[in-house]
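Numbering (this note's numbering), first residue to last: 210 to 589.
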Ligand SMILES: Cc1cc2nc3c(=O)[nH]c(=O)nc-3n(C[C@H](O)[C@H](O)[C@H](O)COP(=O)(O)OP(=O)(O)OC[C@H]3O[C@@H](n4cnc5c(N)ncnc54)[C@H](O)[C@@H]3O)c2cc1C
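Here it is as structure tokens:
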């Protein structure tokens, strides 16, 4: 699979004045690469920007439904697959049989595999500082595009003056994990106030490493000490840290002509903090609207309206999960132990999980956008 080289060091020259593209996608992680992949048949000039090289900075524990990885042809990045999940509360440890397997994957490999599916899109490393109209300001100068997409994560850099999103006041959760070497057969969750009063802990094995962390729905609660403690309880060293803020409220998907997908639009599911498949899901939806604009089948305005409508159709599901997130923090002790045991019944967990998976079903990734074949060289 060819992986195109990206610019480093001295090659990182300023963008020329008047740098103009059909589409500029800011952010080259799950959402941004999903948008770019949908445009691979368009033959449009597409530029993807990120402050880091593609796949350089892991942004999560990298666990997603296996069906999504298969439908996006990303199996090569899978490190471990799980048919069940162990759930711990203070008084109960139960095993949830999953109706569909989940897999952990290697972030760099996955991003490289996705990028290899993005056709002729160009990539540049640049820090995005903001936007004026259709011009994106970066530390390498300005870039202009007819269509702009913000896949920059929770900071939503291309947004306007709207609601502030600054921790710890904003509606953000806090996540931190360590990546010790080692292995385990089990995907594990802890809903246990001894680690975090409102949130959960996890241990996600990925082949030869474990991703052990704590997520707090309360952005003021510091998660480093309990993360170290959970790792120690699992007899693992706290090494190779990775953390970020996680948005847990739905935001607007379009603003001032700009499209937002993934964490920038609050597409991470509240309560579970699962945001990879939803970043793909809404990234694909956004990419399909952009592809229709580039093909002349609809206007920019129509694409904004259609994408915003698609996003709004999902609002109640995210709001429902947010209500659950708020409720679960009041549930401790015996009622929580009972809930864990009740949901460990196969029929119950299958029913609940299927509903949950339907928030962003893997079938949405199909059919894949057609590949554009490179033109054959003309014989002399
Ligand atoms: C500790 C932790 C563990 C998690 N585990 C899971 C999990 O196992 N499964 C799951 O589904 N979800 C998980 N999540 C949530 C998931 O990581 C996010 O929802 C997901 O990464 C969102 O994808 P995205 O593409 O929208 O944004 P991101 O993955 O955050 O990508 C944003 C991109 O924009 C770039 N960027 C940001 N600012 C700038 C700038 N100013 N200029 C240029 N580039 C910029 C970044 O470098 C990055 O590449 C976890 C989150 C955390 C914090």
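Glycine residues also receive a C-beta, built at the ideal position from the N, C-alpha and C atoms.
| Query | Result |
| --- | --- |
| Candidates 483, 492 and 450: closest to residue 469 by CA position | 492 |
| Nearest residue (CA-CA) to residue 456, options 414, 380 and 393 | 380 |
| Under the three-state DSSP convention, the category residue 228 falls into | coil |
| Residue nearest to residue 578 in terms of C-alpha spacing, selected from 537, 485 and 500 | 500 |
| Proximity below 7 Å, CB of residue 255 to CB of residue 237 | no |
| Neighbourhood of residue 386 by C-beta distance below 8 Å, restricted to the same chain and skipping five residues each side | 270, 411, 420, 421, 422, 423, 436, 450, 451 and 452 |
| Sequence-distant residues of the same chain with beta carbon closer than 6 Å to residue 320, five excluded per side | 263 and 264 |
| Whole-angstrom distance between residue 483 and residue 304, CA atom to CA atom | 20 Å |
| Minimum C-alpha distance to residue 375 - residue among 394, 233, 465 and 429 | 429 |
| Contact check, residue 549 vs residue 462, beta carbons under 7 Å | no |
| Residues that DSSP places opposite residue 390 in a beta bridge | 418 |
| Residue 290 - partner residues in DSSP beta bridges | 312 |
| DSSP three-state assignment for residue 297, whether helix, strand or coil | strand |
| Proximity below 7 Å, CB of residue 389 to CB of residue 310 | no |
| Of the listed residues 299, 347 and 295, nearest to residue 225 (C-alpha basis) | 347 |
| Backbone CA spacing between residue 333 and residue 230 [nearest angstrom] | 13 Å |
| Residue 469 in three-state terms, based on DSSP | strand |
| C-beta contact flag for residue 494 and residue 476 at 7 Å | no |
| Sequence-distant residues of its chain with Cβ nearer than 7 Å to residue 223 (five each side left out) | 349 and 350 |
| Heavy atom of ligand 1 within 6 Å of residue 369 beta-carbon | no |
| Given residue 297 as reference, the closest of 572, 397, 509 and 454 once Cα atoms are compared | 397 |
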